[in-house]
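Please read the structure below before turning to the comments.
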Amino acid sequence: IAAVGDEVELRGPLGGHFVWSDSDGGPLLLVGGGSGVVPLMAMIRHRAARRSAVPVALVFSARVWDEVIFRDELIGLDDRRDGFDLVLTLTREAARRPAD
47 IAAVGDEVEL RGPLGGHFVW SDSDGGPLLL VGGGSGVVPL MAMIRHRAAR RSAVPVALVF
107 SARVWDEVIF RDELIGLDDR RDGFDLVLTL TREAARRPAD
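Following my numbering, the numbering of the sequence shown begins with 47 at its first residue and continues without gaps.
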């Protein structure tokens, strides 16, 4: 998603909110953990609904596999290979997918 020398813009809720639309361009790196993925899903679903070509990567951390919110939906989106990439990290058990 990024190369040496690329400019990176960081935005976060930091007590407020932030939004993204496919018209904002990208690439987009989303990082969330636990229930913090909920607002990120709105952006991911927006991208899918618009059939956007903007590259998006989600790095999502949960304690265990059964606590990965939206797991099946996220894996399904990742399986499309349309520019959405999912990296799941588990902090209390081993990875379940070879890619993670």
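Backbone N, C-alpha and C fix where the C-beta goes; we use that ideal spot for every residue, glycine too.
Here the structure is a predicted model, which means the values were calculated and not measured.
Cut-off 6 Å between Cβ atoms - residues of its own chain near Gly78, not counting five sequence neighbours on either side: As a working note, residue 78 is residue 32 in the sequence shown. Excluding positions up to five away in sequence, the list reads Leu86 and Phe106.
Member of Leu120, Val110, Gly129 and Leu132 whose CA lies at the smallest distance from the CA of Arg140: As a working note, residue 140 is residue 94 in the sequence shown. First, the amino acid is wrong: residue 140 is Ala here, not Arg. When each option's Cα is compared against that of Ala140, the closest is Val110.
Alpha carbon of Ala103 to alpha carbon of Phe64, nearest angstrom: Within the sequence shown, numbered from 1, the residue matching residue 103 stands at position 57. Within the sequence shown, numbered from 1, the residue matching residue 64 stands at position 18. Rounded to whole angstroms, Ala103 to Phe64 spans 17 Å at the Cα level.
Proximity to Val54 [Cα-Cα], best of Leu75, Ser69, Asp68 and Trp66: Working through the sequence shown from its first residue, we reach residue 54 at position 8. Here the closest residue by C-alpha is Leu75.
Close beta carbons around Phe116, own chain, < 7 Å, minus the five adjacent residues each side: Taking the sequence shown and counting its residues from 1, the one referred to as residue 116 is at position 70. Closer than 7 Å at the Cβ level, and outside the excluded window around Phe116, lie Val83 and Met87.
Limits of the beta strand (DSSP E) - the one that Val77 falls within: The residue labelled residue 77 in the question sits at position 31 within the sequence shown. It spans Leu74 to Gly79 - the beta strand (DSSP E) in which Val77 sits, taken as one unbroken run.
Val50 classed as buried or exposed, judged by whether at least 16 other C-beta atoms fall within 10 angstroms: Start at 1 with the first residue of the sequence shown, and residue 50 comes out as number 4. When all chains shown are included, Val50 counts as exposed.
Residue range of the unbroken alpha helix (DSSP H) whose run includes Val84: The residue given as residue 84 occupies position 38 in the sequence shown. DSSP places Val84 in the uninterrupted alpha helix (DSSP H) bounded by Val84 to Ala95.
Coarse secondary structure for Ser69, derived from DSSP in three states: Indexing the sequence shown from 1 puts residue 69 at position 23. In the structure shown, Ser69 sits in a helix (DSSP, three-state: H, G or I).
Minimum C-alpha distance to Ala108 - residue among Arg127, Leu56, Arg142 and Asp68: Indexing the sequence shown from 1 puts residue 108 at position 62. Among Arg127, Leu56, Arg142 and Asp68, the Cα nearest to that of Ala108 belongs to Arg142.
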